[in-house]
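In the UniProt record's numbering, the protein residues as written are 1 to 296.
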């Protein structure tokens, strides 16, 4: 059996840091070294593989397709080693730092927080709101993240879907009445868009089988929380998860003129493979599965 010699660990560490930060400067600050030292390690790794690892993309360094795959595997490997070392020194950790999309945290998770704490008992879950939802591989400081429909599996990560999702156009009742019966009427209404999910309208038109509308005006907001606040003020129409505005629907503050369609991708709990069998993570996963099923 031929065993391939691994690249120098220091070079891999520098490369992985540059990949996450998109810059030599950011990697150098994290590693506590000068930029020249990081460049030297990148050169060592490029000489080892015999090809360039990064390309300039504006002001950022972007990994090549092959290098990105190696970077994701490197991030997963470092995370596995770090957690194994922590377990070796301190035993089992019952605290989970959970990254959660800000809007999802407010409209779904926080109303169930007391129940979660009661059922998880000694397991402490630190909820970290994320305005921009990114894969766990890009957040070594987190133990797990909740990802929406945009999630794609990555190396070293276990993903468990705990809830499906429904979404559709919503507006105040008076605006909804103006566009009811014919989605083409939305052309006269301002489309409200979240920068965290810029393609959601295109996806809804495709998945619902509705003829796409060329909105005369669009207004963008940083995240879904701001978009929902804007739609409640009556300035336009937005695509929203049903669970996010269920209370507004029941109180007749918002209306869904075309109903909702189901997105099977739903919401998933993502944690590193090395963590998934640990009792604390199993307890969190099981609670999410129960709570998600009760929401459907």
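Even for Gly, the Cβ is constructed at its ideal location relative to N, Cα and C.
Residue i classed as buried or exposed, judged by whether at least 16 other C-beta atoms fall within 10 angstroms
{"i": "residue 278", "result": "buried"}
{"i": "residue 88", "result": "exposed"}
{"i": "residue 238", "result": "buried"}
{"i": "residue 126", "result": "exposed"}
{"i": "residue 290", "result": "exposed"}
{"i": "residue 257", "result": "buried"}
{"i": "residue 133", "result": "buried"}
{"i": "residue 43", "result": "exposed"}
{"i": "residue 124", "result": "exposed"}
{"i": "residue 85", "result": "exposed"}
{"i": "residue 8", "result": "exposed"}
{"i": "residue 16", "result": "buried"}
{"i": "residue 158", "result": "buried"}
{"i": "residue 269", "result": "buried"}
{"i": "residue 57", "result": "exposed"}
{"i": "residue 148", "result": "buried"}
{"i": "residue 228", "result": "buried"}
{"i": "residue 18", "result": "buried"}
{"i": "residue 282", "result": "exposed"}
{"i": "residue 114", "result": "exposed"}
Inter-residue Cα distance where the pair is residue i and residue j
{"i": "residue 182", "j": "residue 175", "result": "13 Å"}
{"i": "residue 267", "j": "residue 65", "result": "27 Å"}
{"i": "residue 155", "j": "residue 71", "result": "10 Å"}
{"i": "residue 121", "j": "residue 188", "result": "52 Å"}
{"i": "residue 255", "j": "residue 186", "result": "14 Å"}
{"i": "residue 54", "j": "residue 169", "result": "41 Å"}
{"i": "residue 253", "j": "residue 233", "result": "10 Å"}
{"i": "residue 107", "j": "residue 248", "result": "11 Å"}
{"i": "residue 146", "j": "residue 35", "result": "34 Å"}
{"i": "residue 203", "j": "residue 217", "result": "18 Å"}
{"i": "residue 48", "j": "residue 41", "result": "11 Å"}
{"i": "residue 273", "j": "residue 20", "result": "20 Å"}
{"i": "residue 167", "j": "residue 200", "result": "10 Å"}
{"i": "residue 177", "j": "residue 184", "result": "13 Å"}
{"i": "residue 261", "j": "residue 208", "result": "7 Å"}
{"i": "residue 51", "j": "residue 285", "result": "41 Å"}
{"i": "residue 118", "j": "residue 112", "result": "10 Å"}
{"i": "residue 67", "j": "residue 38", "result": "16 Å"}
{"i": "residue 251", "j": "residue 79", "result": "46 Å"}
{"i": "residue 173", "j": "residue 32", "result": "56 Å"}
{"i": "residue 196", "j": "residue 130", "result": "10 Å"}
{"i": "residue 24", "j": "residue 263", "result": "39 Å"}
{"i": "residue 96", "j": "residue 81", "result": "17 Å"}
{"i": "residue 116", "j": "residue 59", "result": "43 Å"}
{"i": "residue 230", "j": "residue 6", "result": "53 Å"}
Coil, strand or helix - residue i by DSSP
{"i": "residue 41", "result": "helix"}
{"i": "residue 183", "result": "helix"}
{"i": "residue 227", "result": "helix"}
{"i": "residue 275", "result": "coil"}
{"i": "residue 159", "result": "strand"}
{"i": "residue 267", "result": "strand"}
{"i": "residue 116", "result": "helix"}
{"i": "residue 382", "result": "Nothing about residue 382 can be read from this structure; the chain reaches only from 1 to 296."}
{"i": "residue 250", "result": "helix"}
{"i": "residue 130", "result": "strand"}
{"i": "residue 96", "result": "strand"}
{"i": "residue 148", "result": "coil"}
{"i": "residue 52", "result": "coil"}
{"i": "residue 238", "result": "strand"}
{"i": "residue 141", "result": "coil"}
{"i": "residue 194", "result": "strand"}
{"i": "residue 211", "result": "coil"}
Check whether residue i and residue j have beta carbons under 9 Å apart
{"i": "residue 12", "j": "residue 45", "result": "yes"}
{"i": "residue 236", "j": "residue 191", "result": "yes"}
{"i": "residue 293", "j": "residue 163", "result": "yes"}
{"i": "residue 219", "j": "residue 193", "result": "yes"}
{"i": "residue 14", "j": "residue 27", "result": "yes"}
{"i": "residue 77", "j": "residue 275", "result": "no"}
{"i": "residue 280", "j": "residue 83", "result": "no"}
Cβ of residue i within 9 Å of any chain C Cβ
{"i": "residue 233", "result": "Absent from the structure is chain C; it holds one protein chain and no more."}
beta-carbon residue i near the ligand ADP non-hydrogen atom, thresh 8 Å
{"i": "residue 161", "result": "The ligand ADP is absent from the structure shown, which contains no ligand whatsoever."}
Legend entry - Meets three-Cβ-pair contact criterion under 8 Å: the segment 135–142 and the segment 237–257: In short, these stretches do not touch, since the Cβ pair count stays below three.
Inset, instruction - Take every Cβ of the segment 222–237, pair it with every Cβ of the segment 99–111, and state whether three or more of those distances are shorter than 8 Å. - result: yes
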